[in-house]
Every structure is written in structure tokens, then in C-alpha cells.
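**Q** Take this structure first; my questions come after.
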Amino acid sequence: MNASTTRALLRIGRRNVVRSRWRSALVVVLILLPVAGMVGLATVLATSTPSAERVATHRMGRADLLVYPGEGGDEAILRAKLPPGSGIEPILVMGATLIVPGLAIPVTVASEDPNGLAKGMLTLVDGRWPTATGEISISRAFAKLAVASIGSSVELRELGRSTVVGLVEDELQLGSRLTVVPPELAAAGGPDKTGTWLVALPAGTDPATLDPALIASSGPGAPLFIVTTRAETLDAAGSFGPTTIVLGGLALVDAALVAAAAFAVGVRRRQRELGLLSAAGATPRQLAGSVLAEALLLGGLGAAAGVIVGVLGGFAISPFLDDLTGHRNPALVLDAPTMIAALALGLLAALVAALAPAWSAARTSVLTALSGRRPPASSSRRTLGVGIVLIATGIVATAVGAGLRLAANQASLNVWLLLAGAVLGTLGFGACSGWLLGRLEGPAARLPLASRIALRDTARARSRNGPIVTALLAATAATIALAAYQASVEASNLAHFRPPFLPDQVYIQGPGVAQAGPEAARALGATAGAIIPGAGSDIRSIWVSASSPNDASPLVAQNVTVGDAELLRALGAGAAVADLEAGKAVTLTQRPASLTSVTLHIESTTDGSTIANQDVSASVVVLGVTGEDLPGAVISPETASRFGIPVGHSERYILRLGNAVSDGDIATVAGIVGKYPDTYAFTARPPDVAGGGFRFVIISGSLLFALTVTGIAVALGEAESRPEQQTLLAVGADPGLRRRITAARAGIIALLGGLLAVPAGLLPVWGLLITRHSPLVVPGLEVVAVVALLPVLAIATTWLLSRPIPEWSAFRNRPT
Numbered sequence: 059m060n061a062s063t064t065r066a067l068l069r070i071g072r073r074n075v076v077r078s079r080w081r082s083a084l085v086v087v088l089i090l091l092p093v094a095g096m097v098g099l100a101t102v103l104a105t106s107t108p109s110a111e112r113v114a115t116h117r118m119g120r121a122d123l124l125v126y127p128g129e130g131g132d133e134a135i136l137r138a139k140l141p142p143g144s145g146i147e148p149i150l151v152m153g154a155t156l157i158v159p160g161l162a163i164p165v166t167v168a169s170e171d172p173n174g175l176a177k178g179m180l181t182l183v184d185g186r187w188p189t190a191t192g193e194i195s196i197s198r199a200f201a202k203l204a205v206a207s208i209g210s211s212v213e214l215r216e217l218g219r220s221t222v223v224g225l226v227e228d229e230l231q232l233g234s235r236l237t238v239v240p241p242e243l244a245a246a247g248g249p250d251k252t253g254t255w256l257v258a259l260p261a262g263t264d265p266a267t268l269d270p271a272l273i274a275s276s277g278p279g280a281p282l283f284i285v286t287t288r289a290e291t292l293d294a295a296g297s298f299g300p301t302t303i304v305l306g307g308l309a310l311v312d313a314a315l316v317a318a319a320a321f322a323v324g325v326r327r328r329q330r331e332l333g334l335l336s337a338a339g340a341t342p343r344q345l346a347g348s349v350l351a352e353a354l355l356l357g358g359l360g361a362a363a364g365v366i367v368g369v370l371g372g373f374a375i376s377p378f379l380d381d382l383t384g385h386r387n388p389a390l391v392l393d394a395p396t397m398i399a400a401l402a403l404g405l406l407a408a409l410v411a412a413l414a415p416a417w418s419a420a421r422t423s424v425l426t427a428l429s430g431r432r433p434p435a436s437s438s439r440r441t442l443g444v445g446i447v448l449i450a451t452g453i454v455a456t457a458v459g460a461g462l463r464l465a466a467n468q469a470s471l472n473v474w475l476l477l478a479g480a481v482l483g484t485l486g487f488g489a490c491s492g493w494l495l496g497r498l499e500g501p502a503a504r505l506p507l508a509s510r511i512a513l514r515d516t517a518r519a520r521s522r523n524g525p526i527v528t529a530l531l532a533a534t535a536a537t538i539a540l541a542a543y544q545a546s547v548e549a550s551n552l553a554h555f556r557p558p559f560l561p562d563q564v565y566i567q568g569p570g571v572a573q574a575g576p577e578a579a580r581a582l583g584a585t586a587g588a589i590i591p592g593a594g595s596d597i598r599s600i601w602v603s604a605s606s607p608n609d610a611s612p613l614v615a616q617n618v619t620v621g622d623a624e625l626l627r628a629l630g631a632g633a634a635v636a637d638l639e640a641g642k643a644v645t646l647t648q649r650p651a652s653l654t655s656v657t658l659h660i661e662s663t664t665d666g667s668t669i670a671n672q673d674v675s676a677s678v679v680v681l682g683v684t685g686e687d688l689p690g691a692v693i694s695p696e697t698a699s700r701f702g703i704p705v706g707h708s709e710r711y712i713l714r715l716g717n718a719v720s721d722g723d724i725a726t727v728a729g730i731v732g733k734y735p736d737t738y739a740f741t742a743r744p745p746d747v748a749g750g751g752f753r754f755v756i757i758s759g760s761l762l763f764a765l766t767v768t769g770i771a772v773a774l775g776e777a778e779s780r781p782e783q784q785t786l787l788a789v790g791a792d793p794g795l796r797r798r799i800t801a802a803r804a805g806i807i808a809l810l811g812g813l814l815a816v817p818a819g820l821l822p823v824w825g826l827l828i829t830r831h832s833p834l835v836v837p838g839l840e841v842v843a844v845v846a847l848l849p850v851l852a853i854a855t856t857w858l859l860s861r862p863i864p865e866w867s868a869f870r871n872r873p874t
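Quick note on numbering: the sequence shown equals residues 59 to 874 in the numbering used here.
Okay, here's the thing in C-alpha cells:
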């Protein structure tokens, strides 16, 4: 085609766009949404993802090496193995306990030289760094817990009372409960006399040339040191992981499918017009060009608007990024390559989607086009076969990619196999939609009139409805994938968390437990509460040990207490009350153990000698907690009397609620326990998920995107169903019936798209989680939203907003 023909086709396309303003607006918005989502998400991620240099500085300051002590490694040996002129600075990070009235709260203590190699790891916000013993600088989260500010005095159980001289910030972990102490503590090695070293190598020194005994992290024996180089930290921080590539690639493909569906639903809209052009002498190539010209105009407009909306969305969310991500973020980063790629993808998707209608228009005969009859539908069995093959191939690619990663093959092939599996799975489920739509006609005979007509119309018009289902599938599959991955990772992290107490327990320690414990139990409505007795004055310790050939980690040195059924219930072992009363030692473990008996050891308080060793039948209760202050085994008073074990004074109390301990419960306990000197309460709270608010916003945004695509795609489909509405009006159907049919059709399409989205979204997540050795957690809330909420909203929205065509326009053949 020459230039004049191209201009004529573009002019025809522009007139069609203007003439069908409502339909054109829907197409533009449907293209705009995925492009805006891509640009907005890429902009936010580019802004909120810390650079490799920033991550390396946060971890190791200005140092070239971060060295952890191994078996037998100390600073003297380290200095001997480093090149002359190397600088070494010790740093220390350890856990500590903040003491506030009535509560003991775990916090983190850091000791480092903020002006030395550790410069940049932390930021001073106000005041100054601590320089002398008894001085500390604290983070905002620490200050909030301690109700402290510069000049205040706070107490740490391990370090005593200190004065706050500064306010610090960990820029990549704003919520950390952090206190900084002078560098002298790191030099001394802390309470356990161990630490970590930052090492600055002489200029021009390659870490690969260092003593192999220094940098080796594995070998026939335990290494002296475990070394991380700055280059390794930069590489790890700057690389894209498989999760980013797979989920990001899936989002790109889903965006393209959503944009493509905008044109696929309009296959027959211009059929009569194209027949007139053909009768007037237009060649098949020119007919196809007229369809592509309209796609070019709408696709370009939608993609350009999408880039603008995406950037504006990024600016709108940027003021809240620090709170959402849990770390400091720079000014909004506009990722120009991603914007260009999103613009090109939207335009390309529109042109590719128009190829099939263009090919159909070029092949349709003049008589068929002028008659307005629907061309013969292609075989749905053929597309079903293609879909099954694509799904099977996607499953195989995902399995092979996961297997390569499990085999420690870190080549890029496994990542691209995972991505290919995700893409093929989505395309495969979309290809199956036509055949599934055709099966809806069977059960229609047993339904009410409106549903029966809706099912039959949806089934017979599968060439129009199939692309709409694919659009909904593509839009919602990304939501399911993202939600499933986050739910699975968070569940895996919580599964590895070993709390010191059960989530519904409160542990109280101190001389006032005899009064504070029962009072707190009454105030909180505890289901059980009891003193944890100690040993008598003549007994230094009572403990049990056991060894089982069937256990990889045999039970050793579990401390024993004497208690009754109430104590067992408070400890979470109420199911073993009968065993306790039968004389068994109820053993509380972190992991399952196949034990039938234990050895009870009783040691003297005078010389530490063993008073007695007794074998006792045992019952095992797995609690999964790591509280060192809780007993590892409980024996009954009768059993203790039988072995001559006296019960002594106790300063420990445990109570159990009927629900997880809340912030209100903690405040109540603190108010009660705070009345008794040197008495404190402890609870176990699961760790906060870093960036949880940001993930919530991303998942909420993707679900809102899916809802919007559902509404627009259904509205676009209804705009294309004018012939069916004309027929209903001609046979006397009242407006209420026509609205019910329209709403039922929207619900059917949304339900099928949501059902197909669930397996399509879970397939790539399954492959990713295998490589993390994590179980797949199906996100129930998101699945319900996709499978149930989307159809309900589609039905309600269509019912409220649909406007059946009026009687006077029943037989007008004009674009709507």
C-alpha cells in the first residue's frame, strides 16, 4: 500500500473511532489499565528497591570484607592472615531485654564505630553517638517502647541503666528496636566474647588473592572464618531473582492479553461496513489494513494515556512509600526504559490482537459481510487441544525448571523455564475457554428463563465471549499468583519462627508473681494459670535426659518442675493430665520425639554431685516453643514425693488465655505487674513481616485492577451484543427480563474467568516455592474474591448500569 492508501485507511479508522465513541472509550481504557499498571508498578519498585551499593553499605559500611568467626578463629589469627596495612574493626549485634514497668521486651544492641569502617550502616537523626559507658543512642521504635527521648534513662537487663544521648535510624529497617552502645563493647566481644569484624584491605588488593585458609567457607573441617566480600554483596543485591523474573514476566504477558481482548471482542462489529468496502472495490489487503488502522489509533491512545496515568499513580503513592516499605526511599525514580517498553507493548498488543479480525475481514465474502450473518465458528475442540498441550507443556517446563534449581544448577535456563511455564499455562487455560463456553448450553434447559437465555447466548457467541474470559483470566491470574506467593512466604517464615512462649501465653517473673500472677489471670479471664515451682533448698537442679535411636536430635538436659493439672493446662499440655496423674514425666519438646521413658537426674546444691538417677516413664507433648525459663518436663507431687524431691520457692508464673495475646492484653498485664517491684511480664509475638503494608497495597491494587478489567470487558461485550438485544425486543421481552439476561451473562463470563485464573495463577507459584522448599499456601481470601466476588459484582454492576436498547431503535443498524 502507498502513502495515499495508508492515509485513507487511517482516516477511515479515525472516523470509526469517533462514530463509536462509547465502544472506543472502553477499548482505550482496557488498554490503558495494564499499561498504567506496568508503568506505576515499575516506577514504585524502581524507587523502593535499594541499590546494590546501598545494601552493601548497610551490611558492611565502607569495609571490603565482613568476617564471622568460625571454629577457632580469633582476631589475632585474622590479622596474621591479612595483608600488611589491612584495617580491622570489631562490630557486635546481639539481643538484649528492655525493662519497662511491668514488661520485659526483646530489643537489638549494636556496637560499632560510626566514624570508622561501619560508617553508613546507621544514620544519626538527632543528638550524638554514644562515646562512654552508660550512654546509648536509640531508634524511634525503641524510643516509643521505652517512652524515652534524648536525656532519658532506660534500663537494659544485660547492660544496666543508661542515658539516651542520640536518636539513630536504620534506613533499611525503620521498625527495628535498636540501641547503639559505644564501640568498646564490640572490642570486648560482648557477653559471649565473640564478635564480627569489618576489614578494609590495602588499595588494589584483590580478595581472591587472600590466604585460602581465610576465605574458604567450606572444606574437610570447620573453617576458621566465614568471609563475605563486598563484591559478593553487590552481586547478590543487584541481581534479579527468579521470583522477580517469573512474576514480572507473567504480569507482562497478562497485560498483553488484556489489551488484546479489547479488539478480539469486536470481530463482527464492522462486518457490514467491510462488506460495503469490498463491494466498492477494496482489496482484501486494504480491508485488513482498515482494521489495523483503527487498532493503531486506539492502541496508541490507550498506551500513551496509560503511561501518564501510571506515572501520576507513582507520584500519588510516593509520599507513603517509607511507611509502606519499612525503609527510607529516595525521590520518585522514573524508569524511562520501562515506560517505553510499556508504551510499545500496549501498541503492539493492540496490533497483534487486531490481526485475527483483520484476517477474518479479508477472507469474508461480500455476500456474507453484507448479510450481517455470523461467520461459521471455528472448532472449539481444536482450541481445546491446543490449550491442553500448552498447559501440559507449561507444567513440564515448570517442573524441569524447579528441578534444575533444586539440583543447585544456577544457570539462567531454569529461571526462563519457570517463566515459560507460567506464560504457557496462562495461554493454555485461555485457549480452553472457548470449549468450556460451548459446554454451557447443555445445562441451560433446567434453569429459569433469564439464566437459560444467558447461558445459551454465551455458549453460542463463544468467538466473542472467549477473548473476554481470557482477559479476565489474565487480569486475575496475576492477583492470585502474587497473593499465593506472599501468603506462602509469610507462612514459611512464621513456620520457622520458634517463639519462647505460645501466642496465647503470658509469662511473669519476679518476686511479686504470687500476687501479680493470679491478679493478671483474673483480669484477662485466663483459661489456666499456675506457679512454676522451683527445687528445694537442698537441690541445685533437677533435669531429665533421654536418648532414642529413632530420633536424630535426642532429648537432653530438660529441666524439671513439679506441678499439677492446672500447670499443664497453662503450659499448653492439658492433653497429658492423665499421664501426669499416672506417674509419668510429661516432657515438653520443640519437635516430635519417640520417647517412652526418661532418666531423672537430681543434683546436690552443695557440691553439684548427683543425688539420684531414676528412670521414669515419659509422655511427650510437642509445644514447639523455645522458652528457656519454661520447664522441659513436669512431674506430679506424688512422683516428686516418691523420689524425695522437695518443692521450693518460685518466682515464675505462667497463664494462658483463650486467644492470642493482644496489645490490650499486654497493656493490662503491664499495669498489674508494674505495681510489684522487679517483676516483669513476657509474651511471644510473631515477627513483623518487613514491607507487609507495601505488599498489601500491591495485592489490593492488582485486585482492583482485576475488578476494573472485569467491568470494562463485560461492558464491551454487552456493547457487541446488540443483535441479541434487538431479537429479544422484537419478540416482546420486557426491559426487566433483558436486564436480568444481561446481568446473568456478565456473571457467567466473570465466574468462568475467575475459575480458570486460580490454576493459572498457582502454577508459577508452585514452581517458585519448590525451589525455596516451601509449601504452597492457597490464598483463600483472594480466591474467594476472584471466584465469588467478581461474578457477584459483575452481576450487580451490570444490573444497575445496563440500559436495554429502547423500542424505537430496535432495528436500527448503526454502531452503538
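Don't be surprised by glycine CBs; every beta carbon is placed ideally from N, CA and C.
A quick note: this is a predicted structure, and the numbers were derived from the prediction, not measured.
#1: Report all residues from its chain with a CB closer than 6 Å to the CB of residue 485; omit the five preceding and five following residues, and keep chain order.
#2: Would you tell me roughly how many angstroms separate the C-alpha atoms of residue 859 and residue 631, rounded to the nearest one?
#3: In whole angstroms, give me the CA-to-CA distance for residue 450 and residue 647.
#4: So, with DSSP's three-state summary, where would you put residue 766?
#5: Under the DSSP definition of a beta bridge, which residues are partnered with residue 214?
#6: Write down every uninterrupted run of the alpha helix (DSSP H) in the stretch 528-558 whose length is 4 residues or greater and which is fully enclosed by it, in chain order.
#7: Between which residues of its own chain and residue 441 is the CB-CB distance below 7 Å, once the five residues before and five after are set aside?
#8: Are there any heavy atoms of the ligand GTP lying less than 7 Å away from the beta-carbon of residue 624, as far as the coordinates show?
#9: Skipping 5 residues on each side, what residues in its chain have a beta carbon closer than 6 Å to that of residue 292?
#10: Using a 10 Å radius around the Cβ and a threshold of 16 neighbouring Cβ atoms, would you call residue 642 buried or exposed?
#11: Who are the Cβ neighbours of residue 855 in its own chain at under 7 Å, not counting the five residues just before and after it?
#12: Verify whether the separation of the beta carbon atoms of residue 456 and residue 192 is less than 8 Å.
#13: Are the beta-carbon atoms belonging to residue 536 and residue 308 less than 8 Å from one another?
#14: Does the beta-carbon of residue 477 have 16 or more other beta-carbons within 10 angstroms, so that it is buried, or is it exposed?
#15: Mind checking residue 471: buried by the 16 CB within 10 Å criterion, or exposed?
#16: I need the straight-line Cα distance from residue 692 to residue 627, nearest angstrom please.
#17: Pull up the distance between the alpha-carbon of residue 738 and that of residue 711, whole angstroms please.
#18: Can you give me the C-alpha to C-alpha distance between residue 702 and residue 655, rounded to a whole angstrom?
#19: Below 8 Å on the Cβ atoms is my contact criterion, and I expect residue 731 with residue 586 to pass it. Report the Cβ-Cβ distance as a whole number of Å.
#20: If you measure between the beta carbons of residue 256 and residue 124, is that distance less than 8 Å?
#21: Helix, strand or coil for residue 236 per DSSP?
#22: On a Cα-Cα basis, can you pick out the residue from 366, 687, 106, 284 that is closest to residue 592?
#23: Tell me whether the beta-carbon of residue 204 lies closer than 8 Å to the beta-carbon of residue 236.
#24: Are residue 487 and residue 834 closer than 8 Å when you measure CB to CB?
#25: Between which two residues does the beta strand (DSSP E) carrying residue 567 extend?
#26: Skipping 5 residues on each side, what residues in its chain have a beta carbon closer than 6 Å to that of residue 396?
#27: Rounded to the nearest angstrom, what separates residue 180 and residue 196 at their Cα positions?
#28: Excluding five sequence neighbours on each side, which residues of the same chain lie with their C-beta closer than 6 Å to the C-beta of residue 458?
#29: Just to confirm, are residue 226 and residue 208 a CB contact at a threshold of 8 Å?
#30: Quickly, what does DSSP pair residue 148 with across the bridge? List them, please.
#31: With a threshold of 16 other CB atoms inside 10 Å of the CB of residue 266, please say whether the residue is buried or exposed.
#32: Taking only runs that begin and end inside the stretch 617-698, name each unbroken alpha helix (DSSP H) of 4 or more residues, in chain order.
#33: What is the DSSP secondary structure of residue 718, counted as helix, strand or coil?
#34: With C-beta atoms as the reference, is residue 75 less than 8 Å away from residue 355?
#35: Shortest alpha-carbon distance to residue 139 belongs to which of 106, 259, 160?
#36: Nearest-angstrom Cα distance between residue 542 and residue 827?
**A** Judging by the given coordinates:
#1: Residue 485 sits at position 427 when you count from the first residue of the sequence shown. Contacts found: 448.
#2: Taking the first residue of the sequence shown as 1, we reach residue 859 at position 801. Taking the first residue of the sequence shown as 1, we reach residue 631 at position 573. Straight-line Cα distance between these residues: approximately 58 Å.
#3: Position 392 of the sequence shown, counted from the first residue, corresponds to residue 450. Position 589 of the sequence shown, counted from the first residue, corresponds to residue 647. About 44 Å.
#4: Here the question's residue 766 lines up with position 708 in the sequence shown. Here residue 766 sits in helix by DSSP.
#5: Translated into the one-based positions of the sequence shown, residue 214 becomes position 156. Note: residue 214 sits in a beta bridge opposite 156, 218.
#6: none
#7: As a working mapping, residue 441 is identified with position 383 in the sequence shown. Answer for residue 441: 489, 492, 493, listed in chain order.
#8: This structure simply doesn't include the ligand GTP, nor any ligand for that matter.
#9: Sequence index remark: in the sequence shown, residue 292 carries index 234 (1-based). Here the set comprises 110, 114.
#10: Within the sequence shown, the letter at position 584 stands for residue 642. Classification of residue 642: buried, given that the 10 Å Cβ count is 16 or more.
#11: Numbered from 1 along the sequence shown, position 797 holds the residue referred to as residue 855. Taken in chain order, the residues that qualify are 769.
#12: Indexing the sequence shown from 1 puts residue 456 at position 398. Indexing the sequence shown from 1 puts residue 192 at position 134. Contact flag unset, no.
#13: Counting from one through the sequence shown, the residue named residue 536 turns up at place 478. Counting from one through the sequence shown, the residue named residue 308 turns up at place 250. Cβ atoms of residue 536 and residue 308: closer than 8 Å.
#14: What you label residue 477 is simply residue 419 of the sequence shown in a count that begins at 1. Its Cβ being crowded by 16 or more others within 10 Å, residue 477 is buried.
#15: Numbered from 1 along the sequence shown, position 413 holds the residue referred to as residue 471. That one is exposed.
#16: Reading the sequence shown from its first residue, position 634 is the one you call residue 692. Reading the sequence shown from its first residue, position 569 is the one you call residue 627. Looking at the two C-alpha atoms, the distance is approximately 12 Å.
#17: Working through the sequence shown from its first residue, we reach residue 738 at position 680. Working through the sequence shown from its first residue, we reach residue 711 at position 653. The alpha-carbon atoms of residue 738 and residue 711 are separated by roughly 10 Å.
#18: Indexing the sequence shown from 1 puts residue 702 at position 644. Indexing the sequence shown from 1 puts residue 655 at position 597. Rounded to the nearest angstrom, the two C-alpha atoms are 19 Å apart.
#19: Here the question's residue 731 lines up with position 673 in the sequence shown. Here the question's residue 586 lines up with position 528 in the sequence shown. Actually they are not in contact, since the Cβ atoms of residue 731 and residue 586 sit about 18 Å apart, beyond 8 Å.
#20: Walking along the sequence shown from the start, residue 256 turns up at place 198. Walking along the sequence shown from the start, residue 124 turns up at place 66. Their beta carbons are under 8 Å apart, which means residue 256 touches residue 124 by this criterion.
#21: Here residue 236 refers to the residue found at position 178 when the sequence shown is read from its first residue. The answer is strand: DSSP assigns residue 236 an E or B state.
#22: Numbered from its first residue, the sequence shown carries residue 592 at position 534. The residue with the shortest Cα to Cα distance from residue 592 is 687.
#23: The residue given as residue 204 occupies position 146 in the sequence shown. The residue given as residue 236 occupies position 178 in the sequence shown. Contact: no.
#24: The residue given as residue 487 occupies position 429 in the sequence shown. The residue given as residue 834 occupies position 776 in the sequence shown. Taking 8 Å as the Cβ cut-off, residue 487 and residue 834 do not qualify as a contacting pair.
#25: Walking along the sequence shown from the start, residue 567 turns up at place 509. Unbroken beta strand (DSSP E) run through residue 567: 563-567.
#26: Residue numbering aside, residue 396 sits at position 338 when the sequence shown is read from its first letter. Correct list, in chain order: 100.
#27: Against the sequence shown, residue 180 aligns to sequence position 122. Against the sequence shown, residue 196 aligns to sequence position 138. Residue 180 and residue 196: Cα-Cα distance of roughly 11 Å.
#28: In the sequence shown, the residue the question calls residue 458 occupies position 400. 475.
#29: The residue labelled residue 226 in the question sits at position 168 within the sequence shown. The residue labelled residue 208 in the question sits at position 150 within the sequence shown. No; because the gap between Cβ atoms is not below 8 Å, this pair is not in contact.
#30: Residue mapping note: residue 148 aligns to position 90 of the sequence shown, counting from 1. DSSP output for residue 148 lists 255 as bridge partner(s).
#31: One-based indexing of the sequence shown puts residue 266 at position 208. So residue 266 ends up on the exposed side.
#32: 623-629, 635-639
#33: Indexing the sequence shown from 1 puts residue 718 at position 660. Looking at residue 718 - three-state DSSP - the assignment turns out to be coil, as it is neither helix nor strand.
#34: Counting from one through the sequence shown, the residue named residue 75 turns up at place 17. Counting from one through the sequence shown, the residue named residue 355 turns up at place 297. In this structure, residue 355 lies closer than 8 Å to residue 75 by Cβ.
#35: Residue mapping note: residue 139 aligns to position 81 of the sequence shown, counting from 1. It is 259 whose Cα lies nearest to the Cα of residue 139.
#36: Counting from one through the sequence shown, the residue named residue 542 turns up at place 484. Counting from one through the sequence shown, the residue named residue 827 turns up at place 769. If you take the alpha carbons of residue 542 and residue 827, they lie about 10 Å apart.
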